[in-house]
Each structure stands twice: as C-alpha cells, then as structure tokens.
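K.L.:
Residue numbers for the sequence shown follow the UniProt record's numbering, so the first one is 1 and each next one is one higher.
C-beta atoms are modelled at their ideal positions from N, C-alpha and C, and glycine is treated no differently.
This is the structure I have questions about; it appears just below.
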Amino acid sequence: MMERAESGQKLYTRMRLWEFPDQFVVEPTDGSSGSALAISRADGSMNLIHEVPECSILRVPKIRTIFGVVGVLKLLAGSYLIVITERECVGSYLGHPIYKVASLKILPCDHSLNNSSAEQKKVEAEFSCLLKLAERTPGLYFSYDTNLTLSVQRLNTLGDESKLLPLWRQAEPRFLWNNYLMEALIDNKLDPFLLPVIQGSFHHFQTAIGRDIIDVTLIARRCTRRNGTRMWRRGADSDGYVANFVETEQVVQMNGFMASFVQVRGSIPFLWEQTVDLTYKPKFEILRAEEAPRVVERHFLDLRKKYGNVLAVDLVNKHGGEGRLCENFGNAMQNVASDDIRYLHFDFHRICGHVHFERLSILFEQIEDFLEKNGVRK
Numbered sequence: 001m002m003e004r005a006e007s008g009q010k011l012y013t014r015m016r017l018w019e020f021p022d023q024f025v026v027e028p029t030d031g032s033s034g035s036a037l038a039i040s041r042a043d044g045s046m047n048l049i050h051e052v053p054e055c056s057i058l059r060v061p062k063i064r065t066i067f068g069v070v071g072v073l074k075l076l077a078g079s080y081l082i083v084i085t086e087r088e089c090v091g092s093y094l095g096h097p098i099y100k101v102a103s104l105k106i107l108p109c110d111h112s113l114n115n116s117s118a119e120q121k122k123v124e125a126e127f128s129c130l131l132k133l134a135e136r137t138p139g140l141y142f143s144y145d146t147n148l149t150l151s152v153q154r155l156n157t158l159g160d161e162s163k164l165l166p167l168w169r170q171a172e173p174r175f176l177w178n179n180y181l182m183e184a185l186i187d188n189k190l191d192p193f194l195l196p197v198i199q200g201s202f203h204h205f206q207t208a209i210g211r212d213i214i215d216v217t218l219i220a221r222r223c224t225r226r227n228g229t230r231m232w233r234r235g236a237d238s239d240g241y242v243a244n245f246v247e248t249e250q251v252v253q254m255n256g257f258m259a260s261f262v263q264v265r266g267s268i269p270f271l272w273e274q275t276v277d278l279t280y281k282p283k284f285e286i287l288r289a290e291e292a293p294r295v296v297e298r299h300f301l302d303l304r305k306k307y308g309n310v311l312a313v314d315l316v317n318k319h320g321g322e323g324r325l326c327e328n329f330g331n332a333m334q335n336v337a338s339d340d341i342r343y344l345h346f347d348f349h350r351i352c353g354h355v356h357f358e359r360l361s362i363l364f365e366q367i368e369d370f371l372e373k374n375g376v377r378k
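Here it is, written out as structure tokens:
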C-alpha cells in the first residue's frame with residue numbers, strides 16, 4: 001500500500017478570465033487567496049496583481065470561467081494564451097479526481113501583428129488556422145492534486161522533498177504535453193497556475209470478485225517526442241527516441257492494496273520511413289542501416305534505465321515489406337540482448353489472425369519465465 005504523493009503547492013481549480021481591451025486578467029475564484037495574473041495584450045508580458053482593474057464604459061471586459069491555464073504559445077508575431085474552458089471528471093486516480101479537457105480556447109495576447117509585414121501576416125494567418133485545429137486536440141487529461149505523468153512506481157519512489165515540489169517540477173518531461181507552453185509561466189514563477197497536462201487516455205471503473213470491490217485504472221501516456229500520424233512518422237531518430245511512443249499503465253486496487261503493471265510501445269527503433277502514396281501498403285525504406293545497432297542500443301539502454309528489465313516483443317510480419325524490418329531489428333538486437341534485455345519475435349498476424357486471440361497463450365508460454373522473474377504471477 002502506498003501513500004498519496006501530493007504536491008505541497010496547490011493549483012487553482014477554478015478561475016475567472018477577464019478579457020480587457022489591453023490585458024487579460026486571470027482571477028482565482030476557488031476560495032484561495034492568491035493574486036490574479038495579468039497578461040498584457042500589447043507585448044504578452046505578465047505580472048501578479050492584487051485586484052482586478054475597474055471596468056468602465058470604455059473598458060468593458062468579456063468574462064468567462066476557466067478551469068486551468070495550459071500555457072502560452074509564442075509565434076512569429078506574438079503570443080497566444082491557452083486556457084481550459086470546459087472540463088469533464090472521468091474518474092479518480094489514487095483517490096484524486098481526474099479531468100478530461102472538454103474544450104480549449106486559444107486567445108491572442110500580443111497586438112504586435114498589426115505592425116508586421118505582409119509576409120509575416122500571411123504566415124501568422126496560416127498558423128492561426130492550425131491553432132483552430134489545436135483547440136480540438138483530443139485526449140488531454142489533468143489533475144490538480146496528483147501527477148498523471150508519473151506511474152504509481154515513480155510516484156511511490158518520490159523523496160519527501162520532491163513530494164513538496166509543484167506538480168510541474170515533479171513531472172516526467174516525456175509525457176508533459178504542455179511542457180513548452182508553460183515556459184513563460186515558469187520564467188515568471190507562477191506555480192499555482194502551472195497545470196501539467198498529458199495526452200493519451202484515462203479509464204477508471206469498479207468491478208467485484210465476490211464481495212470484494214476492485215478499482216481498475218487504465219492510463220496511456222503519449223510521449224511528446226517524435227509524434228505524428230501513422231505512416232507519416234516512423235522509426236527512431238539518431239538518439240533512439242521512437243515515433244509514437246506510449247506508456248500504458250494498469251492499476252488495480254483492492255482492500256487497501258495496489259498493483260501496477262506498465263508496458264510501453266513504439267515504432268521499431270532504428271532509422272526507417274514509409275513514403276505515403278496511393279498504394280494500400282506503402283513501401284518501407286530503411287535509412288543508414290549501418291547505424292541501426294547504435295540506435296537500437298541507445299533506445300533499449302534508456303528503457304532499462306527508466307523501467308528496469310525489458311522484454312521486447314516484436315509483433316511485425318516475418319514476410320513481405322515488414323520482413324525486412326523484422327530482420328534488421330532482430331540482427332540489431334543480437335548486440336543488445338542480455339539477462340535484463342530480452343528480445344522475442346511473435347508473428348501475431350500469422351498466429352492469431354483476426355479472431356484467434358486465444359492463441360496468445362503461445363506467447364505467454366514463451367515469456368512466462370521472464371514475467372515470473374520480474375514479479376508477475378498467474
């Protein structure tokens with residue numbers, strides 16, 4: 001059983017956003033006695049104020065309730081304030097409520113665009129269109145009380161001093177979706193406004209075994225490095241960071257006890273790409289094949305450092321275009337495999353097809369000894 005890892009610095013949970021012609025003012029309204037945050041709409045500068053400025057006929061603000069400041073995005077001609085305007089409680093994690101971002105609002109807070117060149121205005125207009133899409137970014141989750149970027153194991157090993165730090169300072173940068181967006185707030189030491197956000201998924205439900213109630217939580221944390229849509233973003237970079245890396249955690253709680261299981265997935269960790277065309281299965285291209293052993297080694301040494309012993313299950317086909325990837329991956333793993341880094345190929349499509357998932361028992365039999373060695377029991 002673990003203690004709750006709570007931050008000593010409380011975040012504002014509800015705020016009022018005043019949109020004046022010359023500034024934005026973010027006023028805490030959750031009962032805390034904190035100062036309001038003023039952001040200039042002339043140059044994007046920030047400062048804390050004790051009172052909201054008075055309104056007048058010439059200075060009538062638009063007022064809305066917000067539930068978090070995601071950060072500030074700096075573009076060519078100025079800055080944009082990103083706030084959470086709607087939230088949805090989707091369950092609890094370690095006894096704390098977890099929220100899904102239901103609506104974002106991106107607000108320009110720098111009027112310098114008015115003095116920009118025609119070319120700058122054109123580029124900024126294109127960025128603005130992308131920002132409209134960003135307002136609809138799916139799968140964003142946050143908590144005011146606990147750190148969603150950290151697994152249960154990582155939370156449990158936080159030192160006493162670390163537990164007193166603001167949530168953003170405890171956070172794992174790989175899974176902190178708004179890491180870059182918070183920089184301006186961090187520079188201005190605005191800890192109560194710094195809300196860590198992850199992208200991924202969160203599901204929480206209860207079930208029962210006999211009279212025992214079981215809490216089950218599933219969290220997927222998407223890495224911020226090498227993100228992209230399928231096919232457009234493949235492989236690893238030269239530092240071993242792979243495309244679309246996701247950490248998935250299953251947490252089970254019953255009768256005061258807790259168990260957590262973490263697995264990660266990502267693109268095959270060497271340099272390769274897939275050129276999108278009109279064919280059903282675009283061809284793969286392996287880049288700088290001679291670097292594969294070094295890139296694979298970097299990737300798995302980093303995994304071992306962060307997670308301990310690693311079992312890598314390769315699920316790609318052994319034949320066709322994927323066969324080349326499988327062969328290169330297997331060859332590169334020969335230099336990395338050890339007692340604490342194990343590689344196994346399992347031809348999922350050939351063995352299981354579309355319906356025979358019971359055949360996964362074959363895979364389990366092959367990895368059962370490794371799982372038992374690392375604390376997983378039937």
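Which value, in whole angstroms, describes the spacing of the CA atoms of G323 and L278?
P.N.:
Cα to Cα, G323 sits roughly 21 Å from L278.
K.L.:
Could you check whether the segment 281-292 touches the segment 336-352, counting it as contact only if at least three pairs of C-beta atoms, one from each stretch, sit closer than 8 Å?
P.N.:
No, they do not touch.
K.L.:
Please name the residue or residues paired with residue 379 in a DSSP beta bridge.
P.N.:
The chain is shown from 1 up to 378; residue 379 falls before or after that span and cannot be answered.
K.L.:
Between the segment 298-316 and the segment 325-334, are three or more C-beta pairs nearer than 8 Å?
P.N.:
Short answer: they touch.
K.L.:
Helix, strand or coil for D215 per DSSP?
P.N.:
Note: D215 maps to strand in three-state DSSP.
K.L.:
Could you tell me whether the Cβ atoms of L107 and Y80 are closer together than 8 Å?
P.N.:
Yes, these two residues count as a Cβ contact at 8 Å.
K.L.:
In whole angstroms, give me the CA-to-CA distance for S45 and N178.
P.N.:
Each residue's alpha carbon lies about 19 Å from the other.
K.L.:
From the DSSP output, read off the bridge partner residues of L363.
P.N.:
Paired residue(s): none; L363 is not in a bridge.
K.L.:
Suppose you measure from the CA of D339 to the CA of N374; what does that come to, to the nearest Å?
P.N.:
Between D339 and N374, the C-alpha separation is close to 11 Å.
K.L.:
In the DSSP output, which residue or residues are listed as bridge partners for V26?
P.N.:
V26 is bridged to L17, L37.
K.L.:
Identify the residues that DSSP records as bridge partners of S92: which are they?
P.N.:
Bridge partners of S92: P97.
K.L.:
Going by C-alpha to C-alpha distance, which of F67, E161, T137, L148 sits closest to P173?
P.N.:
P173 has its Cα closest to that of L148, out of F67, E161, T137, L148.
K.L.:
Compute the Euclidean distance between the alpha carbons of A259 and I39, then round it to the nearest angstrom.
P.N.:
Whole-angstrom Cα-Cα distance: 44 Å.
K.L.:
Among the candidates I213, S361, E119, V336, whose CA atom is the shortest distance from the CA of Q253?
P.N.:
Cα-wise, what sits closest to Q253 is I213.
K.L.:
Could you say if the segment 93-105 and the segment 130-138 meet the contact criterion of at least three C-beta pairs nearer than 8 Å?
P.N.:
Verdict: yes, contact present.
K.L.:
Give me the DSSP bridge partner(s) of G68.
P.N.:
BP columns for G68 point to I84.
K.L.:
Helix or strand or just coil, what does DSSP make of K105?
P.N.:
If DSSP states are grouped into helix, strand and coil, K105 belongs with the strands.
K.L.:
Here's the rule I'm using: 16 or more other beta-carbon atoms within 10 Å means buried, otherwise exposed. How should E372 be labelled?
P.N.:
By the 10 Å Cβ count, E372 comes out exposed.
K.L.:
Could you pull the start and end residues of the alpha helix (DSSP H) that L148 belongs to?
P.N.:
It is not in any alpha helix (DSSP H) - L148 carries neither H nor E in the DSSP assignment.
K.L.:
Counting C-beta neighbours from all protein chains within 10 Å, is the total for G308 16 or more, i.e. buried, or is it exposed?
P.N.:
Counting Cβ neighbours within 10 Å, G308 comes out exposed, since fewer than 16 surround it.
K.L.:
Do L287 and Q250 come within 8 Å of each other at the CB atom, strictly closer than that value?
P.N.:
No.
K.L.:
Excluding the five sequence neighbours on either side, which residues of its own chain have a C-beta within less than 8 Å of the C-beta of Q366, listed in chain order?
P.N.:
Correct list, in chain order: L344, F346.
K.L.:
What three-state label does DSSP hand N188 in the structure shown?
P.N.:
Reduced to three states, the DSSP call for N188 is coil.
K.L.:
Count the other CB atoms within 10 Å of the CB of Q206; is the residue buried (16 or more) or exposed (fewer)?
P.N.:
Under this definition Q206 is an exposed residue.
K.L.:
For a test of the three-state rule: what should DSSP assign to Q153, helix, strand or coil?
P.N.:
Of the three classes helix, strand and coil, the one that applies to Q153 here is helix, per DSSP.
K.L.:
Classify G320 as helix, strand or coil using the three-state DSSP reduction.
P.N.:
Reduced to three states, the DSSP call for G320 is coil.
K.L.:
Which residues in the same chain as W272 place their Cβ atom closer than 7 Å to its Cβ, once the five residues preceding and following it in sequence are excluded?
P.N.:
So the list reads R234, G235, F284, E285, I286, L287, L325, once near-sequence residues are dropped.
K.L.:
With a 10 Å radius around its C-beta and 16 neighbouring C-beta atoms as the bar for buried, classify I66 as buried or exposed.
P.N.:
Flag for I66 reads buried.
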